[in-house]
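Colleague: Before I ask anything, here is the structure I am working with.
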Amino acid sequence: MSSQFHLLREQRFRPFFLTQFLGAFNDNLFKNALVVLLTFQAASWTTIKPELLANLAAGIFILPFFLFSATAGQLADKYDKAYLTRLVKVLEIAIMVVALAGFLLHNLATLFGALFLLGCHSTLFGPVKYALLPQHLHEEELVGGNALVEAGTFVAILIGTLVGGLLAAAEYGDLWIAGGGILVAITGYFTSRGVPPAPAPEPGLKVNPNPFTETWRNIGFARENRPVFLAIMGISWFWLYGALFLAQFPAYAKGVLGGSEGTVTLLLATFTVGIGLGSLLCEKLSGGHVEIGLVPFGSIGLTLFGLDLAFASPAVLPAGAPLAIGAVLAQPGMLRVLLALLMLGVFGGFFIVPLYAMMQSRSAAGHRARVIAANNILNALFMVTGALAAGALLGAGLSIPMLFGVAALMNAAVALYIFRLVPEFLLRFIVWLLIHSVYRLRTEGLEHIPESGPAVIVCNHVSFVDALVIAAACRRPIRFVMDHRIFRWPVLSFVFRHSQAIPIAPAKEDPAMMDAAFAEVSAALAAGELIGLFPEGKITADGELCPFRPGIARILDANPVPVVPLALRGLWGSMFSRKDGPALSRPLRRGLFNKIELVAGAPLAPETVSIPGLQVQVAELRGDWK
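Mapping of the sequence shown onto this note's numbering: residues 431 to 1056, in sequence order.
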């Protein structure tokens, strides 16, 4: 499907991927099989209601994330991550031996103890796996690597769920579950031995054994970078939302759909296939970069299909329950239920993969593992809170479909709140949607745009959407200087305003606005920001470059920063250009999905820049393709 699959052939990624895959498989083989057993055989184990048991199991599994993530983050920053990976796999073998004892004794406390220890195993591995990826992958591989990890994880969940469901319904299934878990854990240990070294970024770190003070300190590391912290909050909400749905599947299958153990497996399989598809599609849709514009897209889908699942659920338990899978599938509306679950997973992938990649790429390397530990702590806090809230609402008489609907509405409210705090998420989405719904954009040379520090980018001006095209292609925020009339365009003004574009007017029209614009440009460059200019000062009327105006010289005289020349190709003649009349006068003159290109040249030192020379450079980058 996409280029990320080449990583599966490389030693720097494949052993880690297999180790992560087997660990996720084992977690879910045991966890979901246990929940299914307790749901359908609860009377022989305990007097606790199956619905409450499912939420209790979910809470027990994630509790260690809250308790021990701070310590795990410290260990991942202090020690080689390949060594820690092998240590964690040895622990997994011991845990599955405890699970075997629990099944042999039919002791619920021992089984929940094994579940708690599995949570400890995942807690220790979490900071390791997500901090290891940036050490072994190039920046342009980070989205693809995360997509493969997320897709692989959910495929492992799917297979573990299928196997766990089958074994839970088989004779002596509990012993097969424990024995299989031990075998998988041993296999995972051998794959972990192939993980290449990942040296510790801070080997001299003194481990703080106090989980409470260290938790607060890790959260402080995360809060130092506001976009990273809010990405973590978005990830945490996703896991609350997803865990709330997943925890209800056994009771939902039995009490709403009228199914048996096989129906639980079907629901989980559908959801996890969706997550895997969505994760893999992320790499393709993002062009191999961290595209946070997909996050709002994912959030919209999570809300819509969460609501659809609530409304599609049958209001009355089907006659003859428990039904076989074939009979369940034959029920009216069941295909709609499965489609809603599948799309929940797809949009969940769109939501979660860019947030993980953003957290990894924008975190400081020296304490990246502790930032990830803070993420795991908050994930756990959110999931525990979600499990408790779900249990309370169900105990108060709320039905499971009603719970799904409430969660979907809450997702919409949380998304709006996060997007208000960080407009970058929503702006990237709007820009991405506007451009990719009209054009097929190809880029070249964008690595010339500095990753940090001040710079000025200059480009030819072909259409009313030039700034949006550049913003869609460049992952770093750009503050464009633009004509005040375009700045006020309906709809687009929202994007320009919240991206902090700088309106400007000609001196003869409004000299005060012009002076204010140059002052704001200087302040932005002094703060290390990126400024975007269209030196022609107007949109071309014939497709050719207009003479560059002296504004760029004034900026460089006051702010000697690098200049990056850019060129847009293929926009002349599109609906937003002035070919054959005003823009939008013939909106479908070239149809939709036209191919366009954005090309960047090497940065120019400010002392070498001249207005005629800069115009020649932009013209050469554009070439003959207008």
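The beta-carbon is built from N, C-alpha and C at its ideal position, and this holds for glycine as well.
(1) With alanine 1064 as the anchor, note down where its beta strand (DSSP E) starts and where it stops.
(2) Relative to the C-alpha of leucine 710, which candidate in Leu660, Thr591, Ala661, Ile782 has its C-alpha closest?
(3) Output needed for leucine 785: all residues of its chain with C-beta closer than 7 Å, excluding positions within five of it in sequence on either side, in chain order.
(4) Quick one, are the C-beta atoms of alanine 628 and valine 801 less than 7 Å apart?
(5) Does the distance from the CB of leucine 768 to the CB of alanine 838 come in under 7 Å?
(6) Pull up the DSSP beta-bridge partners for glycine 962, would you.
(7) Quick check on tyrosine 847: buried or exposed, where buried means 16 or more other Cβ atoms within 10 Å of its Cβ?
(8) Assuming the contact rule is C-beta atoms closer than 8 Å, isoleucine 969 and arginine 1008 should be a hit. Round their C-beta distance to whole Å, please.
(9) Could you give the distance in angstroms between the alpha-carbon of alanine 488 and the alpha-carbon of leucine 759?
(10) To the nearest whole angstrom, what separates the beta carbons of tryptophan 862 and glycine 756, a pair I think is in contact under 8 Å?
(11) Do valine 991 and alanine 897 have their C-beta atoms closer together than 7 Å?
(12) Going along the chain, which residues of its own chain have a beta-carbon closer than 6 Å to the beta-carbon of alanine 502, five neighbours each way excluded?
(13) With distance defined between alpha-carbon atoms, name the residue in Gly750, Leu960, Gly624 nearest to arginine 516.
(14) Measure from the alpha carbon of isoleucine 1026 to the alpha carbon of each residue in Ser1004, Met773, Gln1047, then state which is nearest.
(15) Report yes if the CB atom of alanine 463 is closer than 7 Å to the CB atom of alanine 598, and no otherwise.
(16) Rounding to the nearest angstrom, what Cα-Cα distance links phenylalanine 542 and histidine 551 in this structure?
(17) Please check the pair phenylalanine 460 and leucine 548, which I expect to be a contact at CB under 8 Å, by giving their CB distance rounded to whole angstroms.
(18) How far does the beta strand (DSSP E) with arginine 870 in it extend, from its first residue to its last?
(19) Specify, as a first and last residue, the run of the beta strand (DSSP E) that lysine 1009 falls within.
(20) In angstroms with no decimal places, state the Cα-to-Cα distance between valine 518 and glycine 692.
(21) If you draw a straight line from the alpha carbon of arginine 918 to that of methionine 912, how long is it in whole angstroms?
(22) Using alpha carbons as the reference points, say which of Ser893, His891, Ser923, Leu876 lies closest to cysteine 904.
(23) What first and last residue would you give for the beta strand (DSSP E) that runs through alanine 997?
(24) Mind checking whether glycine 981 and isoleucine 887 have CB atoms under 7 Å apart?
(25) Reducing DSSP to helix, strand and coil, say where glutamine 441 ends up.
(26) Residues bridged to serine 893 by DSSP?
Modeller: So, from the data block:
(1) Absent from the model: residue 1064. The displayed extent of the chain is 431 to 1056, so no value can be given.
(2) Ile782
(3) Ala661, Gly664, Ile665, Val725
(4) Alanine 628 places its beta carbon 7 Å or farther from that of valine 801.
(5) no
(6) The partner list for glycine 962 (beta bridge, DSSP) reads Ile887, Phe910.
(7) Exposed, because fewer than 16 other Cβ atoms sit within 10 Å of the Cβ of tyrosine 847.
(8) 6 Å
(9) 27 Å
(10) About 42 Å; that fails the 8 Å criterion.
(11) In this structure, valine 991 lies away from alanine 897, with their beta-carbon atoms at least 7 Å apart.
(12) Thr553, Leu554, Pro557, Ala803
(13) Gly624
(14) That would be Ser1004, whose Cα lies nearest to the Cα of isoleucine 1026.
(15) yes
(16) 14 Å
(17) 6 Å
(18) 869–874
(19) Unbroken run through lysine 1009: none, as it is neither H nor E.
(20) 32 Å
(21) 10 Å
(22) Leu876
(23) 993–999
(24) no
(25) coil
(26) Ser1007
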